[in-house]
Every structure is written in structure tokens, then in C-alpha cells.
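Beneath this line is the structure, given in C-alpha cells, with notes to follow.
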Amino acid sequence: MIPAFGLLVGVVVGLLLHPTVPLWLQPYLPIAVIAALDAVFGGVRSVLDGIFDDKVFVVSFLSNVLVAAFIVYLGDQLGVGSQLSTGVVVVLGVRIFANVAAIRRHLFKA
Amino acid sequence: MAPDDRATAWQRLRRMGAPRVTRANALAGALTLALGFAIATQIQANAQTGLQGLRQDELVRVLDDVTQRSSRLDQQIRELEGQRDRLRSGADSAAAAAAQAQSRLDELSILAGTVAAKGPGIRLTIYDGGSVVRAAHLLDILQELRDAGAEVIQMGHSRIVASSYFADSGSTVSVDGTSLSRPIVVLAIGDPATLSGALKIPGGIVDTVKRLGASSTIEERSVLTIDALHPTSTPRYAAPVPEATTAPSGS
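Protein chains in written order, with the numbering used here: chain A, 1 to 110; chain B, 111 to 361.
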């Protein structure tokens with residue numbers, strides 16, 4: 001409940017404050033968001049599987065974000081930043097779809 | 111938290127939904143709050159897309175696009191400038207043709223005697239007191255003046271053109287049907303020195319007139335105006351052979 005509430009409050013605050021993304025963060029923020037979303041969906045799935053653990057969620061969330069940002073950074077250094085970003089987004093998207101499918105199967109038996 | 115095997119997924123979700131204040135849960139809440147904030151921020155930053163949000167290769171692509179576009183526009187500029195120059199030179203050659211036609215018109219008007227003319231020339235006055243000077247002498251004077259390069263000639267009140275004629279009628283002489291009043295005044299535009307030299311040549315006009323018992327004077331003038339006009343007449347029978355006698359076009 002608290003994480004869902006936090007998500008909502010975060011969106012509202014972001015919409016109200018109109019923050020500008022600092023330049024150094026701009027390449028990483030979208031990828032980090034996708035990675036965090038993957039962690040969130042994974043968390044929801046594990047709740048439904050009955051194996052949810054707060055600590056695991058926090059660690060997976062942070063590691064997802066950091067690894068995604070690191071991959072993008074590495075890609076930028078290697079000159080394949082945009083391709084690697086696309087790859088990361090595809091992988092995370094596939095994972096999100098898989099998690100959502102599992103959630104759906106749990107909730108709706110379909 | 112112990113997994114409850116019999117609990118349905120909905121029950122599990124509901125149980126997780128109940129607020130439990132643990133350190134890890136609060137941390138998770140903070141993380142998701144950050145995630146929501148990041149989502150909103152990113153969406154807004156994306157909505158106001160500026161060049162600063164783009165990657166290096168995207169910027170290179172944008173630069174390529176702009177360069178191509180500018181070279182295309184440059185080419186367009188060159189084409190339009192060429193077109194403009196062509197149109198301008200066309201206008202120029204039309205103006206040149208008009209100027210040429212105008213100068214030809216002036217030339218022909220002077221030749222035909224339809225406009226007044228002015229320039230350097232001489233004024234020849236012959237005092238013969240009576241009918242000493244005949245048509246043949248006038249013709250000699252005219253030939254002599256033309257030989258000396260006279261461009262416009264007036265005798266008495268008549269402008270001398272290609273169709274002018276002299277006739278003896280009784281004691282007087284007529285030019286183009288108009289009797290010549292005494293003293294006879296001949297105006298000619300041309301180089302004054304050449305014209306007067308031609309008239310004063312030994313055995314020339316002045317000598318002839320003197321031998322006839324008349325006297326003559328020649329004035330050289332730097333500006334002489336000949337304003338006697340020859341009435342234009344449309345040819346009744348003759349037609350120009352090139353159907354339209356326009357000035358040769360310059361283009």
C-alpha cells in the first residue's frame with residue numbers, strides 16, 4: 001500500500017514541480033525509469049506468488065536502476081549508446097510483459 | 111511474512127495492501143515515490159524536447175538533416191538567382207533594343223525632315239538682287255553641301271529631303287513648289303569648317319556666285335537650329351519589302 005501510494009504521490013509532485021532534468025542525467029533517466037518499472041512489476045508478481053520480500057524488492061529496484069544506467073553509460077563510452085539503450089529497453093520490456101502476464105494469470109486465472 | 115498457500119492471489123494482494131510500517135516497506139515507498147517523480151519528470155522533459163536532450167549521434171543526424179536542407183535551399187537560391195539574372199538581362203536587352211529603335215527613329219526622322227534639328231553648321235546668304243541664281247546653281251550648292259557631309263539642309267523656308275526639287279518658274283526659283291525669297295538663305299548642319307571650305311573652294315559655289323554678279327557670305331555657327339519641316343506623306347504605291355519595318359531587335 002505504501003509503495004503504491006508513494007508512486008502516486010511521486011507522479012503528482014513531479015507534475016506540480018516541473019523539475020528540469022540535469023544534463024548529466026538525461027541519457028540515463030528514461031532507462032532507469034524502465035528498469036524501476038520492471039522491478040515494480042516483478043515486486044507485484046512476487047506478492048501474488050507469495051514470495052514477496054521487502055528487502056529483495058529494494059535491492060532489486062536499486063540494482064536494476066544502477067545496472068541499466070551503467071549499461072547506457074558503457075554504451076555511450078563505446079559509441080553504441082543508442083543501440084544499447086534500445087537493447088536494454090527491449091529486454092526490460094519483455095520482462096515487464098512476462099511479469100504482467102504472470103500477474104494477470106494470478107488475478108484473473110487467464 | 112509466511113506464504114499462505116490457500117490464500118488466493120486477491121487475498122494476498124489485499125493483505126499486502128494493508129499498511130505495514132516497516133523500515134523496508136518505507137524504503138520501498140520512498141523508491142516508488144522517486145520512480146513516480148522520475149516518470150513525471152521524464153515525460154515533461156520529453157514533452158519540451160530540446161536539442162540538449164539528444165545524444166551525440168542523434169545530434170549528428172539532426173545536423174546532417176539541417177546541412178542537407180541548407181544545401182538544398184542554397185541550390186534553390188542559386189537557381190532563383192540565375193532566373194532573376196536571366197530575366198534582368200532580358201529586360202536589359204529589351205531596353206537596348208528600345209534605345210536602338212529610338213536612335214534609328216531619330217536618325218530617320220532627321221533624314222525625312224519631320225523633326226527640327228540643331229547642331230554646328232553654316233549659314234550661307236546669297237544676295238543676287240534678282241534672278242541670277244537659278245535652279246541649277248541651287249542644285250550645285252546642295253550637291254556641294256552633301257559632299258561636304260551636311261546632315262540637315264534648309265533652303266529658304268524649305269527643308270531639303272530626298273524628294274526635294276528645284277524649279278525655275280519665270281524670274282524666280284522654287285524649292286518644293288515654294289518660291290525662294292531673296293536674299294537666299296541656306297542653312298546646313300555639319301562640320302562648319304568642312305562645309306565652308308567646300309563652298310569656298312576655287313571654282314566652287316562662292317566663285318560661281320561672284321562670277322554671276324552676286325555676293326555671298328558664309329557664317330560658321332557653333333549652334334544652328336533648323337526648324338523647317340518637311341510634311342510627311344504616306345507612299346501610295348510603294349510598300350516596304352520586309353513586311354514589318356521594325357528596328358532590328360537587339361536580343
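Backbone N, C-alpha and C fix where the C-beta goes; we use that ideal spot for every residue, glycine too. Owing to the predicted nature of the structure, the values given are computational and were not obtained by experimental measurement.
{"Query": "Compute the distance between the beta-carbons of Ser437/B and Gly266/B, then report whether it is under 9 Å.", "Result": "Only positions 111 to 361 of chain B appear in the structure, and residue 437/B is not among them; the question remains open."}
{"Query": "Taking 8 Å as the cut-off, does the region 242–257 of chain B touch the region 301–319 of chain B (at least 3 CB pairs, one atom from each stretch)?", "Result": "yes"}
{"Query": "Run down chain A in chain order and give the residues with a C-beta less than 7 Å from the C-beta of Leu141/B.", "Result": "Val58, Phe61"}
{"Query": "In three-state DSSP terms, what is Tyr237/B?", "Result": "strand"}
{"Query": "Suppose contacts are defined by Cβ-Cβ distances below 9 Å. Is Ile34/A in contact with Val89/A by that definition?", "Result": "yes"}
{"Query": "Consult DSSP for Thr86/A and reduce its assignment to one of helix, strand or coil.", "Result": "helix"}
{"Query": "Tell me whether the beta-carbon of Ala136/B lies closer than 9 Å to the beta-carbon of Gly14/A.", "Result": "no"}
{"Query": "From Ile315/B to Leu234/B, what distance separates their C-alpha atoms?", "Result": "10 Å"}
{"Query": "Hey, out of Leu8/A, Val47/A, Gly10/A, whose CA is closest to Thr119/B's CA?", "Result": "The sequence shown places Ala at residue 119/B, rather than the Thr named in the question. That would be Val47/A, whose Cα lies nearest to the Cα of Ala119/B."}
{"Query": "Within 9 Å of any Cβ in chain A, is that where the Cβ of Met111/B sits?", "Result": "Only weak support is given to the placement of Met111/B: the predicted model assigns it a pLDDT of 41, under 50, and the value that follows is read from those uncertain coordinates. Chain A, which has a Cβ nearer than 9 Å to the Cβ of Met111/B, makes this yes."}
{"Query": "Return the CA-CA distance between Asp38/A and Gly93/A, expressed in angstroms with no decimal places.", "Result": "8 Å"}
{"Query": "Answer yes if the region 183–193 of chain B comes into contact with the region 291–302 of chain B, meaning at least three C-beta pairs across the two stretches below 8 Å, and no otherwise.", "Result": "no"}
{"Query": "Looking only at C-alpha atoms, which of Pro30/A, Gly87/A, Val9/A, Arg105/A sits nearest to Asn156/B?", "Result": "Pro30/A"}
{"Query": "Would you say Phe5/A faces chain B, with C-beta separation under 9 Å as the test?", "Result": "yes"}
{"Query": "Comparing the C-beta of Leu48/A with each C-beta of chain B, is any distance below 9 Å?", "Result": "yes"}
{"Query": "Between which residues of its own chain and Val271/B is the CB-CB distance below 8 Å, once the five residues before and five after are set aside?", "Result": "Leu221, Ala222, Gly223, His340"}
{"Query": "Given a limit of 7 Å on CB to CB distance, which residues of the region 176–205 of chain B reach chain A?", "Result": "none"}
{"Query": "Just the C-alpha distance for Thr344/B and Ala227/B, rounded to the nearest angstrom, thanks.", "Result": "22 Å"}
{"Query": "So what's Leu297/B in DSSP terms, helix, strand or just coil?", "Result": "strand"}
{"Query": "Since Leu305/B contacts Gly231/B with CB under 8 Å, what's their CB separation in whole angstroms?", "Result": "7 Å"}
{"Query": "Which chain B residues are close to Ala101/A, counting only those with a beta carbon under 8 Å from its beta carbon?", "Result": "Ordered by position in chain B, no residue passes the 8 Å Cβ test against Ala101/A, which lies about 14 Å from the chain."}
{"Query": "Taking DSSP's pairing of strands, which residues face Val283/B in a bridge?", "Result": "Asp278/B"}
{"Query": "Where does Phe70/A land, buried or exposed, given buried means 16+ other C-beta within 10 angstroms?", "Result": "exposed"}
{"Query": "Please say whether Val72/A and Tyr28/A have beta carbons closer to each other than 9 Å?", "Result": "yes"}
{"Query": "Let me make sure I understand the geometry here. Which of Arg122/B, Asp167/B, Val176/B has the alpha-carbon closest to that of Gly75/A?", "Result": "Asp167/B"}
{"Query": "Mind checking whether the beta-carbon of Glu329/B lies closer than 8 Å to any heavy atom of the ligand ZN?", "Result": "Of the ligands one can find in the structure shown there are none, so the ligand ZN has no counterpart to examine."}
{"Query": "Based on the DSSP secondary-structure assignment, which residues constitute the bridge partners of Ala227/B?", "Result": "Ile336/B"}
{"Query": "Chain A partners of Leu169/B, CB-CB under 9 Å?", "Result": "Within 9 Å Cβ-Cβ: nothing; Leu169/B doesn't reach chain A, min ~11 Å."}
{"Query": "Note down, in chain order, all residues in the region 72–89 of chain A with a beta-carbon under 7 Å from any beta-carbon belonging to chain E.", "Result": "Absence of chain E from the displayed structure is noted, the protein chains being A and B."}
{"Query": "Just curious, the beta strand (DSSP E) that Gln264/B is in, first and last residue?", "Result": "262–265"}
{"Query": "Compare the beta carbon distance of Ala138/B and Asp54/A with 9 Å and say whether it is the shorter of the two.", "Result": "yes"}
{"Query": "Just curious, the alpha helix (DSSP H) that Ser219/B is in, first and last residue?", "Result": "166–222"}
{"Query": "Is the shortest distance between the beta-carbon of Ile96/A and the beta-carbons of chain B less than 9 Å?", "Result": "no"}
{"Query": "Near Val100/A, which residues of its chain fall below 8 Å by C-beta distance, leaving aside the five closest residues on each side in sequence?", "Result": "Phe41"}
{"Query": "Which value, in whole angstroms, describes the spacing of the CA atoms of Val172/B and Leu25/A?", "Result": "21 Å"}
{"Query": "Secondary structure at Thr304/B, three-state DSSP: helix, strand or coil?", "Result": "helix"}
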